[in-house]
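Asker: Got a structure here, written out as structure tokens. Questions coming.
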Amino acid sequence: MAFTTIGETGTAAAQGAVAQALRGSRVDVRGKVFEYALLACLLVSLLVLAALIASILGDGSGVYAERGYDFLDGGLSRRPARAGISQGIVGSVWIAVTVAVVAFPLGIGAAVYLEEYAPRNRLTAFIELNIRNLAGVPSVVYGLLGLAIFVDALGGFYGKAGVQRSTLAAAGMTLAVLVLPVMIITTQEALRAVPGELRDAAYGVGSTRWEVIRKIVLPYAAPGIFTGALLSIARAIGEAAPLIVVGAVTFTTSGAGLDLANVFDPGHLEGRFTALPMIISTWSKAPQPEFKVDLAAGTILAMLAFVLLVNSVAIVLRNRFEKKRTG
Amino acid sequence: MTTTELPPPANAAVDLSGDPRRQRRERLMGVVFGVAAGVSLLISALILLSLFSKGWRFFAEVDWGTVFGSDNWAPRSGEFSIATLLVGSVVVTGVAMVVAGPLGLGAAIYLAEYARPRVRRTLKPILEVLAGVPSVVLGFFALRWVAPNVVGTLFGEEAGRGGSMLAAGIGVGILTVPLVASVSEDAMRAVPDTLRQASAGLGARKMTTSLRVVVPAAVSGIVAALILAVSRALGETMVVYIAGGAADQAQFVVDPRESTLTMTAAMASLASGSDQVTGSGLAVASLYFLGIVLFAFTLGLNVIGNRVVRKYRQVY
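Quick note, the sequences are listed as chains A and B, same order. For reference, each letter of the first sequence is one residue, going 22 to 348 in the working numbering. For reference, each letter of the second sequence is one residue, going 1259 to 1574 in the working numbering.
See below:
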């Protein structure tokens, strides 16, 4: 840390000599062993990540080599040779869209209220505490919320009267609610990083609070907000536990209407659904080795590619906004 | 926040209040943002409402003898041994902490005390990538790689053939390493440098300074990191569901080499299996009952953890 005051007067060699003289001829073996043990802890974690990537690439690339686009385009099937993940892709795309439409405005709005409007009182403190606790609620419990509230509510909206249906809209809402606390917290951090002088200057020339927020605070905080937003989407795309509880389909032929050619047809929201993490979870537990290994890993690769795509969009957007801010 | 609107002077010569439309918009936007913040309270209320409105039937109708007396969790045939699931959760979480505690703390001490800035800048983002890996992916990895290569090596090929509490626990542990590392690293970096300098001035070696000065000074943050990690591990579903080795039902076992269900995995099993959450009798209600138990545990741990985090932040 900051122990290097000798360095200002002596050369590196002199420093070494001084250290040697202070230490005597003994080498600090225990200290070195300790340092390497600590480094090993860190490296083990990184090696695990490498093993994870290698194992998934090893298991999952085969299906793309053999079947290529056919695997992405195919539908769910009990026969491994025909099974594909198009319904999962459509489901995940719509989950991402629902999260963006529902969680982003709510999350940004709540964060703006807490940082810019809220009086410092007990209610505000309670809301903050509540958001922190919501962020720690296990995802499977959000699934119960989705099953009890959104499936019933939206099922009545989309389905025939009285028939309970798990729709893609209900799943998307559930995941939107799941990522909302994270969205609020990251946006709050971005807003807190806006220099107070900018606000004061804007108020000084007669802006109202809303004008300050819209023209000064939000543009300045935009890169941070975008990063948080896309991390939320990435999180939502990878979540499987709430989908299982909400009632995603595992093996079906009824999702025939879902195909990649009309991914963006909002009619998907009304139907039964599945999503990429759901398919991964089902196939990983399947008895047949083709499903369990090759197809599950292949689906993981597709999902990670999706997540990576979202993250790169985040980086591009953030850079554009940062340029705007400095330019 | 930083400004308060001044009341207009009694005999203002000029009207400074501006365009009334501007003021109306100003008030409207305040309400809109306030409503957005209120939604978070609504969500909490809805979580409690959904858990208890659907779970109360379990409390009212279940034969408590099967909850506390039986040693079998088989909800579809009316056996609800909560002890089986609690022990499953505790064992998996225990294994996870045995993995994540030392690895996370070691990594944190290295990053906070030893790593040169450049090394830190490269290694830390990689650790963050690990934090972003979806839990289904880790479940797959735990079953496909950890079970044969780690569990199989330690306890013989037979033990590593399928999922087990040990494989699942290691998977969950890998998932929580970044959490332990980042929260406890923050705590250690918050320790003032003067303490380190004083320790070095007394002739302590770097290892002694790290272990006897920095770690004790940051101990509340480290404890908070471990508490939050336990809460995360208890709530982790997919890794245990995929790599825990049990489906639908489980028997009371303590040996981590065996397979069983945790509370979360039991919920996922109950909810899957058929396309919808169906089942005879109290199966659906038991899903919400588990939700209530899990919610209570994790909320308690998070409240304690967050309180400890805030406490140490105030000290330095």
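Quick reminder that beta carbons are idealized off the backbone N, C-alpha and C, glycines included.
Does the beta-carbon distance from residue 1479 of chain B to residue 1440 of chain B come in below 8 Å?
Answerer: no
Asker: Exposed or buried, which one is residue 1322 of chain B when buried takes at least 16 other CB atoms within 10 Å?
Answerer: exposed
Asker: With burial defined as no fewer than 16 other Cβ atoms inside 10 Å of the residue's Cβ, what is the status of residue 183 of chain A: buried or exposed?
Answerer: With a pLDDT of only 45 at residue 183 of chain A, under 50, the local geometry of the prediction cannot be trusted, and the value read off the model is given with reservation. The residue is exposed, with fewer than 16 neighbouring Cβ atoms inside 10 Å.
Asker: Going by beta-carbon coordinates alone, are residue 59 of chain A and residue 1368 of chain B separated by less than 8 Å?
Answerer: yes
Asker: With distances taken Cα to Cα, identify the nearest neighbour of residue 168 of chain A among A:198, A:299, A:53 and A:266.
Answerer: For residue 168 of chain A, the closest C-alpha among the options A:198, A:299, A:53 and A:266 is that of A:266.
Asker: Any beta carbon from chain B within less than 8 Å of residue 158 of chain A's own beta carbon?
Answerer: yes
Asker: Where residue 1342 of chain B and residue 1486 of chain B are concerned, what is the direct C-alpha to C-alpha distance, given to the nearest angstrom?
Answerer: 24 Å
Asker: Quick check on residue 1417 of chain B: does DSSP put it in helix, strand or coil?
Answerer: Three-state DSSP puts residue 1417 of chain B in coil, outside helix and strand.
Asker: Do you know offhand how far residue 259 of chain A's Cα is from residue 1399 of chain B's?
Answerer: 15 Å
Asker: Between residue 80 of chain A and residue 152 of chain A, what straight-line distance do the alpha-carbon atoms span, to the nearest angstrom?
Answerer: 40 Å
Asker: When you compare the CB positions of residue 1397 of chain B and residue 63 of chain A, do they come within less than 8 Å of one another, or not?
Answerer: Contact flag unset, no.
Asker: Name the chain B residues whose beta carbon is nearer than 9 Å to that of residue 298 of chain A?
Answerer: 1392, 1393, 1394, 1395 and 1496
Asker: Please identify the residue among B:1466, B:1458 and B:1473 whose C-alpha is closest to the C-alpha of residue 1447 of chain B.
Answerer: B:1473
Asker: List, in chain order, every chain B residue whose beta-carbon is nearer than 7 Å to that of residue 151 of chain A.
Answerer: Going along chain B in sequence order, the residues near residue 151 of chain A (Cβ under 7 Å) are 1298, 1299 and 1302.
Asker: Counting only beta-carbon atoms, is residue 80 of chain A nearer than 8 Å to chain B?
Answerer: True, the Cβ-Cβ gap to chain B drops below 8 Å.
Asker: Over what stretch of residues does the beta strand (DSSP E) that includes residue 1331 of chain B continue unbroken?
Answerer: 1330 to 1332
Asker: Less than 8 Å between CB atoms is the rule here; does residue 218 of chain A satisfy it with respect to chain B?
Answerer: No, residue 218 of chain A lies away from the interface with chain B (no Cβ there is under 8 Å from its Cβ).
Asker: According to the neighbour-count rule (16 or more other Cβ atoms, all chains shown, within 10 Å of its Cβ), is residue 1415 of chain B buried or exposed?
Answerer: exposed
Asker: Using 8 Å as the cut-off, can you tell me whether the region 158 to 167 of chain A makes contact with the region 1548 to 1557 of chain B, which would need three or more C-beta pairs spanning the two stretches below that distance?
Answerer: yes
Asker: Leaving out five residues on either side along the sequence, give the residues of the same chain with a beta carbon under 8 Å from the beta carbon of residue 85 of chain A.
Answerer: 92, 319 and 322, listed in sequence order.
Asker: Helix, strand or coil for residue 249 of chain A, going by three-state DSSP, please let me know.
Answerer: helix
Asker: Taking the alpha helix (DSSP H) that residue 260 of chain A belongs to, which residues open and close that run?
Answerer: Residue 260 of chain A: not part of any alpha helix (DSSP H); DSSP gives it neither H nor E.
Asker: Kindly give me the distance between the Cβ atoms of residue 1361 of chain B and residue 122 of chain A, rounded to whole angstroms, as I take these residues to be in contact under 8 Å.
Answerer: Going by Cβ atoms, the distance from residue 1361 of chain B to residue 122 of chain A rounds to 39 Å, so no, they are not a contact pair.
Asker: May I ask you to verify whether the region 1403 to 1414 of chain B touches the region 1455 to 1474 of chain B, counting CB pairs closer than 8 Å and requiring at least 3?
Answerer: no
Asker: Output the distance between the C-alpha atoms of residue 338 of chain A and residue 208 of chain A, rounded to the nearest integer angstrom.
Answerer: 16 Å
Asker: Report the start-end ranges of each alpha helix (DSSP H) in the region 1368 to 1425 of chain B that is 4 residues or longer and not cut off at the edges.
Answerer: As summarised for the region 1368 to 1425 of chain B, the continuous alpha helix (DSSP H) elements at least 4 residues long and confined to that stretch are 1375 to 1390, 1393 to 1399 and 1410 to 1413, given in chain order.
Asker: Which residue marks the beginning of the alpha helix (DSSP H) containing residue 316 of chain A, and which one marks its end?
Answerer: Bounds of any alpha helix (DSSP H) do not take in residue 316 of chain A, whose DSSP letter is neither H nor E.
Asker: Would you check if there are 3 or more beta carbon pairs closer than 8 Å linking the region 1300 to 1317 of chain B to the region 1508 to 1523 of chain B?
Answerer: no
Asker: My output table needs one value for residue 1510 of chain B: the three-state DSSP class, helix, strand or coil.
Answerer: coil
Asker: Please tell me whether residue 254 of chain A and residue 117 of chain A are closer than 8 Å, where the distance is taken between their beta carbons.
Answerer: yes
Asker: Return yes when the Cβ of residue 198 of chain A is within less than 8 Å of the Cβ of residue 166 of chain A, no when it is not.
Answerer: yes
Asker: Whole angstroms are fine: how far does the CA of residue 88 of chain A sit from the CA of residue 1300 of chain B?
Answerer: 47 Å
Asker: DSSP beta-bridge partners for residue 1518 of chain B?
Answerer: B:1503
Asker: Have a look at residue 1366 of chain B and residue 1435 of chain B and give me their C-alpha separation to the nearest angstrom.
Answerer: Going from the Cα of residue 1366 of chain B to the Cα of residue 1435 of chain B covers about 10 Å.
Asker: Counting only beta-carbon separations shorter than 8 Å, does residue 1564 of chain B have a partner in chain A?
Answerer: At least one CB atom of chain A sits nearer than 8 Å to the CB of residue 1564 of chain B.
Asker: Got a sec: is the Cβ-Cβ distance from residue 1515 of chain B to anything in chain A below 8 Å?
Answerer: no
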